[in-house]
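In what follows, a single structure is set out as structure tokens and then discussed.
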Amino acid sequence: MFYAQILTLFPEFFTSPLSCSIPKRAIDGGMVSVDCIQIRDFALDKHHKVDDSPYGGGPGMVMKPEPVVAAIREARQRHPDTHVVMLTPSGTHFTQDRALEYVDRGHLTLLCGRYEGFDERICDYVDEQLSLGDYVLSGGEPAAMCVLDAVVRLLPGVLGSPESAVLDSFSEEGILDWPHYTRPEVFEGKRVPGILLSGDHAAIDAWRRVQSGERSMERSGKK
Ligand code: SAM
98 MFYAQILTLF PEFFTSPLSC SIPKRAIDGG MVSVDCIQIR DFALDKHHKV
148 DDSPYGGGPG MVMKPEPVVA AIREARQRHP DTHVVMLTPS GTHFTQDRAL
198 EYVDRGHLTL LCGRYEGFDE RICDYVDEQL SLGDYVLSGG EPAAMCVLDA
248 VVRLLPGVLG SPESAVLDSF SEEGILDWPH YTRPEVFEGK RVPGILLSGD
298 HAAIDAWRRV QSGERSMERS GKK
């Protein structure tokens, strides 16, 4: 069983993505457990304030350290071995290798920011800062969901065909998946490559390897 905790101001964000397709199957099958911890529950004042204006001036609001750090402590208390990941555009980039590493850990806590982001001192209480890429999302929730989804599909028994994850893009460093085709054989004048209809599995494997290689070179800018 893989355990995930999500520290968030919007637990309802996760209801729909976790209730369909592969994540739902993994949860229903007892392969994954996901708990949301509401950061606002750890606010100290009667208005449950979780953000405040930035020292030094400037636009937007900053997430306050007290409730966020209290929520992290709660997550660590529930699961002392958990690995706490702060979602932030300033973090190291998320990759397939990182997803595999998280699978091996067996437990993950994903900390989602909002507004202008976190008070910088919160960084001292997390194990890692992770970015989904060089763009800015409105909140850490979509980033956390992407990380969780990438991890869940790698867990043993989650995918219908265990081969799928092994053959996916990035399973080998920098190598992309080959092109896939299904019926009809001709769509708007575009034919499925003849080799895939040949029944010659050795030739099909060789063609796919070439396609993967060419596509990987092309998209990495080396071709
Ligand atoms: N002011 C921040 C900056 O420019 O780096 C952006 C804050 S963003 C509007 C609010 C929250 O969304 C962040 O605290 C973070 O949790 C999340 N977020 C936004 N972009 C992200 C990305 N590329 N990767 C991971 N998390 C991201």
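Per my numbering, the very first residue in the sequence shown carries number 98; after that it's consecutive.
Every residue, glycine too, gets a C-beta built ideally from N, C-alpha and C.
Beta-carbon gap between residue 227 and residue 210 smaller than 8 Å: no
Inter-stretch contact (C-beta, 8 Å, three-pair minimum) for the region 157-167 and the region 132-148: yes
Assigned exposure category for residue 141 - 16 Cβ within 10 Å defines buried: exposed
The region 98-108 touching the region 124-144, judged by at least three CB pairs closer than 8 Å: yes
Near the ligand SAM: residue 215 beta-carbon under 7 Å from a heavy atom: yes
Rounded separation between residue 175 and residue 222 - CA only: 16 Å
Length-filtered (4 minimum) alpha helix (DSSP H) runs lying within the region 169-207: 193-202
Assigned secondary structure, residue 110 (DSSP; H/G/I helix, E/B strand, else coil): helix
Beta-ladder partner(s) of residue 267, from DSSP: None; residue 267 has no bridge partner.
Distance between beta carbons of residue 200 and residue 264, contact taken as under 8 Å: 17 Å between Cβ atoms; not a contact.
Inter-residue spacing [alpha-carbon to alpha-carbon] between residue 269 and residue 244: 19 Å
Neighbour-count burial assignment, residue 313, 16 or more Cβ in a 10 Å radius: buried
Span of the alpha helix (DSSP H) around residue 123: 118-125
Local Cβ density within 10 Å of residue 241, reported as buried at 16 or more and exposed below that: buried
Three-state secondary structure assigned by DSSP to residue 148: strand
8 Å contact criterion, which residue 255 and residue 122 should meet: CB distance rounded: 7 Å
Rounded Cβ spacing between residue 234 and residue 191 (contact assumed at less than 8 Å): That pair is no contact at about 12 Å.
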